[in-house]
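Numbering (my numbering), first residue to last: 53 to 308.
Beta carbons are placed, not taken as given, at the ideal position from N, Cα and C, and that holds for glycine.
Note that this is a predicted model, so its numbers are computed, not measured.
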Amino acid sequence: MGYDPNIITYTNLIKGLCLQGKIQVAVELFDKMIDRGVQPNTITCNTIITGLCRVGELENALHLLRNMAKWNCEASIVSYGVIMDALGKRGLVDEALHLFWEMIDDSSIVTNVIVYNSLINGFCKNVRLSEAIRLFDSMPSRGVSADSYTYNSLIHGLCNSDNSLSKEGRMEEASKIFDAMIKLRKEPDVYTYNSMIFGLCSTGKLEEAHRLFGSVTDKGLQYDLYSFNLLINGYCKSSGVDEAIPLFKEMEKRRD
């Protein structure tokens, strides 16, 4: 007489299959489990949802999310967050935002910074910066604190993208966010500084860009090749070759 596998057995097998990228086999096993009368739990559903999102099967992931209540499974922030992240990466930010408000309406789910970061990054990458900033501004009212990733997404979006704001206006907004980041001790990294340097160079604020460039090592950070290239390119575009040459020499020295 054999043993019947239970939900733990199935969940472990499904997780293993998803980790190996065998999503279709995992889905087939999930369906077989239900046919045999074994009800999935939230962890099982989240594992399948994550696997489906990884291979771009977002409609199936959403379908599974909608069916969770049928199996008395409570959708969690992971259930929603994984799908929102996948939607945002595909440029489907309106669909991601709709899912976000649906999740907010479910009083049992408390949102977190990871979900906000997915949405804000999605809006920034799709050059919808005003909406990204509105989401950012709404975080405190939800009891969520922005982290370094949140600030980096906004700063990079404002410094690198064209939108209805003028370049000056975008840089002013980016500078405010950068200053707030430092004030709140959300330590900027080289990526943050590179975004700011690029934005300042593109608005002709080369002295300010150079000062910021010089402050990187004061923060215990190391320049990268991109940092040098940004400033050298900025000077060359504004006929400041004399200022670019010392930077080039310093870059070569660091290479040695």
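When you compare only the Cα positions, how much space is there between residue i and residue j?
i: Lys-257; j: Glu-220; result: 10 Å
i: Ala-261; j: Leu-283; result: 7 Å
i: Tyr-248; j: Ala-121; result: According to the sequence as given, residue 248 is Met; it is not Tyr. Each residue's Cα considered, the two are about 46 Å apart.
i: Arg-237; j: Trp-123; result: 45 Å
i: Asn-212; j: Asp-241; result: 17 Å
i: Lys-74; j: Cys-176; result: 32 Å
i: Ser-86; j: Tyr-168; result: A small correction: the amino acid at residue 86 is Ile; Ser does not occupy that position in the sequence shown. Taking the straight line from one Cα to the other gives about 33 Å.
i: Ser-197; j: Leu-144; result: 25 Å
i: Ala-285; j: Ala-296; result: According to the sequence provided, residue 285 is Asn. The question's Ala does not apply to it. Each residue's alpha carbon lies about 8 Å from the other.
i: Gln-64; j: Glu-224; result: Sequence inspection shows Asn at residue 64; the Gln mentioned does not correspond to that position. C-alpha separation (whole angstroms): 51 Å.
Tell me where the alpha helix (DSSP H) around residue i begins and ends.
i: Tyr-278; result: 277-289
i: Glu-259; result: 258-267
i: Gly-174; result: 165-177
i: Ile-161; result: Looking at the DSSP string, Ile-161 is not in any alpha helix (DSSP H), and its letter there is neither H nor E.
i: Asp-137; result: 129-141
i: Leu-273; result: Careful: Leu-273 lies outside any alpha helix (DSSP H) and carries neither H nor E.
i: Glu-224; result: 219-235
Run through DSSP, which three-state label would residue i get?
i: Pro-298; result: helix
i: Gln-76; result: helix
i: Thr-202; result: helix
i: Arg-118; result: helix
i: Pro-192; result: helix
i: Arg-306; result: helix
i: Arg-88; result: coil
How many whole angstroms separate the CB atoms of residue i and residue j, which I take to be in contact at a CB cut-off of 8 Å?
i: Ser-170; j: Asp-137; result: 4 Å
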